[in-house]
Amino acid sequence: MSDPLSATASAVEIATAVRAGQVKARAVAEAALARIEKHNPALGAFTDVTAMRAIDAAELVDGKIANGLDPGALAGVPYAVKNLFDIKDVVTRAGSKINRDYPPARRDSTLIARLDAAGALLVGALNMGEYAYDFTGENAHDGPSRNPHALDHMAGGSSGGSGSAVAGGLVPLALGSDTNGSIRVPSSLCGIFGLKPTYGRLSRAHSFPFVASLDHLGPFARSARDLAIAYDAMQGFDDADPAQTKRVNELTAGRITYPIPGLRIGVASGYFAGDPVAQSHVQVVAKALDASRVVTIPDAQAARAAAFLITMAEGAALHLDRLRERPEDFDPDTRDRLLAGAMLPAVWVEKAQKLRRAYRDKVLRLFDEVDAILTPATPMKAPKIGQKTAMFGGVELPVRPNMGIFTQPISFIGLPVAAVPVWLKGDDLPLGVQVIAAPWREDVCLRIAHHLETAGICAAPVAPGFRE
Amino acid sequence: MAYKPFDADALIDATAPLLHLRIEPEYRAAIKANLKTASKMAALVEQVKLDDHAEPAPVFRT
Chain F
1 MSDPLSATAS AVEIATAVRA GQVKARAVAE AALARIEKHN PALGAFTDVT AMRAIDAAEL
61 VDGKIANGLD PGALAGVPYA VKNLFDIKDV VTRAGSKINR DYPPARRDST LIARLDAAGA
121 LLVGALNMGE YAYDFTGENA HDGPSRNPHA LDHMAGGSSG GSGSAVAGGL VPLALGSDTN
181 GSIRVPSSLC GIFGLKPTYG RLSRAHSFPF VASLDHLGPF ARSARDLAIA YDAMQGFDDA
241 DPAQTKRVNE LTAGRITYPI PGLRIGVASG YFAGDPVAQS HVQVVAKALD ASRVVTIPDA
301 QAARAAAFLI TMAEGAALHL DRLRERPEDF DPDTRDRLLA GAMLPAVWVE KAQKLRRAYR
361 DKVLRLFDEV DAILTPATPM KAPKIGQKTA MFGGVELPVR PNMGIFTQPI SFIGLPVAAV
421 PVWLKGDDLP LGVQVIAAPW REDVCLRIAH HLETAGICAA PVAPGFRE
Chain Z
469 MAYKPFDADA LIDATAPLLH LRIEPEYRAA IKANLKTASK MAALVEQVKL DDHAEPAPVF
529 RT
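Protein chains in written order, with our numbering: chain F, 1 to 468; chain Z, 469 to 530.
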């Protein structure tokens, strides 16, 4: 049990202590703000700190407790959000220079409103790759978000600040977005847990979009239980997101301790098994789960290619006016990908959308045979900041578009995934594994993640040097 | 019928004016590289044969 004021305290530990009156929410908020002030210059995780808002929210929680009212499941838990979430009275920069000329948001995003309603305390907005078109966590305007386990290495992107803030112990909980891997890649590189829910499960309303066909939002934490509690608090229909499901809420926190025997778990072969380092991390997880089945995800390479094309085209359509009017104000890496995306033949994109439906049907049939599938989350551990190329399956390729080769074929059809952090003996940096389930079975992902954590196979320690 | 190799310059020169996009000389090399990658991705997508009834998924349900 960690001190609820410490960097290592989990969301559950903080909420339990606050709800029991053992510590004031205000003290928790002040401790988090002090850690941010001390460590953020080294990490580059935060771009905006909402100190007054956090203190006000904490006093509201403390007032409820003093009056015998329920302060919520996340009472007093400090959290932060990728800076593409609307925060009332804060400019939603979405990692860009251009958008910071826009007026401040007039209201909070839906997910922020839901976490606040559960008693959580928003302490600020987090660094990200420009317009979320990134897997590195670098940002041409705000500087890179850094990996707390090795400051000269990437945090991963595009939710780089989210990974950096949680692994660096600044907050126990953060939100990010994931279009092609932007929750799972930073989780893998920073050694934390991340949940990309089923497409359409959590409202994206009042967040800055990237690729409407593929955009998801979700949480990061240092334990599976914290992910589950945050995810449960954020569920619920929201008419403001056209892609959102009307499916009833399916709560997960009470189900993560269900036993693992009986779950049929497979390891993805072929496309996902090409890199020996990544595969060694998967095998550790597979052994702990007694997962001896081998699963072939059909057409995974083509699916990744289709996601790549849809991303280019939809991203370009979103930014077309900005590309016309202010091309010089983009990060050049983002701009030149988007400009190319504007020029794609329409039939390429339509073919990609056709493949999406057919591929989904094929992959869903796999879940007749298994309940979960394991793959690496990234093909490698965190590259160094500034590194432009790396070896992918024996071929030298650009880092920025290729860190998502294992995540893209999964989010392409909206499957829920928990990224779980694996450290092999002697590792100085972690590598994550994707635990993939059938649509709406986040409970299966989180149950396996929790089991791996309690069995000592997965762990998300605050990086040394950031524990004080 | 033999196809000509993919010509990214021709695509840029044809579409940029149509879309009112200003392509500065220093942008071109990276745009070409991205278009060449995209053409390889499109070829991968086309390798999967889909029948006439394959519905696209602009409105996607899991």
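Using N, Cα and C, we set each Cβ at its ideal position, and we do this for glycine too.
Closer than 8 Å to chain Z by CB, residue i
{"i": "phenylalanine 308 of chain F", "result": "yes"}
{"i": "arginine 357 of chain F", "result": "yes"}
{"i": "lysine 351 of chain F", "result": "yes"}
{"i": "tryptophan 348 of chain F", "result": "yes"}
{"i": "aspartate 336 of chain F", "result": "yes"}
{"i": "lysine 354 of chain F", "result": "yes"}
{"i": "methionine 403 of chain F", "result": "no"}
{"i": "glutamine 434 of chain F", "result": "no"}
{"i": "alanine 302 of chain F", "result": "yes"}
{"i": "alanine 73 of chain F", "result": "no"}
{"i": "arginine 326 of chain F", "result": "no"}
{"i": "leucine 366 of chain F", "result": "no"}
{"i": "methionine 312 of chain F", "result": "yes"}
{"i": "leucine 170 of chain F", "result": "no"}
{"i": "alanine 305 of chain F", "result": "yes"}
{"i": "aspartate 443 of chain F", "result": "no"}
{"i": "leucine 339 of chain F", "result": "yes"}
{"i": "leucine 173 of chain F", "result": "no"}
{"i": "alanine 342 of chain F", "result": "yes"}
{"i": "aspartate 371 of chain F", "result": "no"}
{"i": "aspartate 331 of chain F", "result": "no"}
{"i": "leucine 424 of chain F", "result": "no"}
Proximal residues of chain A, C-beta to C-beta of residue i below 8 Å
{"i": "proline 493 of chain Z", "result": "Reference to chain A is not applicable here, since the protein chains of this structure are F and Z."}
Min CB distance residue i to chain F below 8 Å
{"i": "proline 531 of chain Z", "result": "Shown here, chain Z extends from 469 to 530; a query on residue 531 of chain Z therefore has no answer."}
{"i": "proline 524 of chain Z", "result": "yes"}
Cβ-Cβ separation, residue j to residue i (assumed contact under 8 Å), whole Å
{"i": "leucine 374 of chain F", "j": "leucine 344 of chain F", "result": "The pair is not a contact, with the Cβ atoms about 33 Å apart (cut-off 8 Å)."}
{"i": "arginine 222 of chain F", "j": "isoleucine 192 of chain F", "result": "6 Å"}
{"i": "aspartate 134 of chain F", "j": "glycine 157 of chain F", "result": "4 Å"}
{"i": "glycine 262 of chain F", "j": "threonine 8 of chain F", "result": "Their Cβ separation, rounded to whole angstroms, is 33 Å, which puts glycine 262 of chain F and threonine 8 of chain F out of contact at 8 Å."}
{"i": "valine 480 of chain F", "j": "valine 123 of chain F", "result": "Given a span of 1 to 468 for chain F in the structure shown, any question on residue 480 of chain F remains unanswerable."}
{"i": "glutamate 314 of chain F", "j": "alanine 212 of chain F", "result": "6 Å"}
{"i": "arginine 360 of chain F", "j": "isoleucine 413 of chain F", "result": "4 Å"}
{"i": "leucine 43 of chain F", "j": "arginine 146 of chain F", "result": "5 Å"}
Residue i CB to nearest heavy atom of the ligand NAP below 7 Å
{"i": "glycine 163 of chain F", "result": "The ligand content of the structure shown is nil, which means the ligand NAP is not present either."}
Interfacial residues, the segment 382-397 of chain F to chain Z, with Cβ spacing under 8 Å: Residues of the segment 382-397 of chain F whose Cβ lies closer than 8 Å to any Cβ of chain Z: none.
Interface residues of the segment 492-516 of chain Z facing chain F [CB-CB below 7 Å]: Tyr495, Ala498, Ile499, Asn502, Leu503, Ala506, Met509, Ala510, Leu512, Val513, Glu514, Gln515 and Val516
Say whether the segment 450-461 of chain F touches the segment 287-302 of chain F, bearing in mind that this needs 3 or more beta-carbon pairs closer than 8 Å, one atom from each stretch. yes
Start-end ranges of the alpha helix (DSSP H) lying completely within the segment 132-204 of chain F, minimum 4 residues: Counting only unbroken stretches of 4 or more residues, the alpha helix (DSSP H) elements lying wholly within the segment 132-204 of chain F are 160-167 and 184-190, in sequence order.
Check whether the segment 185-203 of chain F and the segment 219-239 of chain F touch, using three or more Cβ-Cβ pairs below 8 Å as the test. Short answer: they touch.
Would you check if there are 3 or more beta carbon pairs closer than 8 Å linking the segment 368-382 of chain F to the segment 325-345 of chain F? With a cut-off of 8 Å, the segment 325-345 of chain F and the segment 368-382 of chain F do not count as touching, because too few Cβ pairs lie within range.
Closer than 7 Å between beta carbons: that is the criterion. Which residues of the segment 189-207 of chain F meet it against chain Z? Thr198, Tyr199 and Gly200
If you pair each beta-carbon of the segment 432-452 of chain F with each one of the segment 298-316 of chain F, do three or more pairs fall below 8 Å? no
Should the segment 24-34 of chain F be regarded as contacting the segment 51-58 of chain F, the criterion being three or more beta carbon pairs within less than 8 Å? Under the 8 Å Cβ criterion, the segment 24-34 of chain F counts as touching the segment 51-58 of chain F, having at least three qualifying pairs.
Could I get the ranges of all uninterrupted alpha helix (DSSP H) runs contained in the segment 332-414 of chain F, with 4 residues as the minimum, in chain order? The qualifying runs are 332-342, 346-366, 399-402 and 408-411.
Please determine if the segment 243-252 of chain F and the segment 267-277 of chain F are in contact, where contact requires at least 3 C-beta pairs separated by less than 8 Å. no
Counting only runs of 4+ residues fully inside the segment 266-305 of chain F, write out the alpha helix (DSSP H) ranges in chain order. 276-288
For the segment 387-398 of chain F against the segment 420-433 of chain F, do three or more pairs of beta-carbon atoms, one drawn from each stretch, fall closer than 8 Å, so that the two count as touching? no
Counting pairs of Cβ atoms below 8 Å between the segment 306-322 of chain F and the segment 108-119 of chain F, do you hit three or more? Taking a contact to require three or more Cβ pairs closer than 8 Å, the segment 306-322 of chain F and the segment 108-119 of chain F do not qualify as touching.
Check whether the segment 78-92 of chain F touches the segment 202-209 of chain F, counting contact only when three or more Cβ pairs, one atom from each stretch, lie closer than 8 Å. yes
Can you confirm whether the segment 18-27 of chain F touches the segment 58-67 of chain F when touching is taken to mean that 3 or more C-beta pairs between the two stretches lie within less than 8 Å? Yes: at least three Cβ pairs fall under 8 Å.
Using 8 Å as the threshold, is the segment 378-390 of chain F in touch with the segment 149-156 of chain F, meaning 3 or more CB pairs across them? Touching, yes.
For a minimum of 4 consecutive residues, which ranges assigned as the alpha helix (DSSP H) are wholly contained in the segment 10-88 of chain F? 11-19, 25-43 and 51-66
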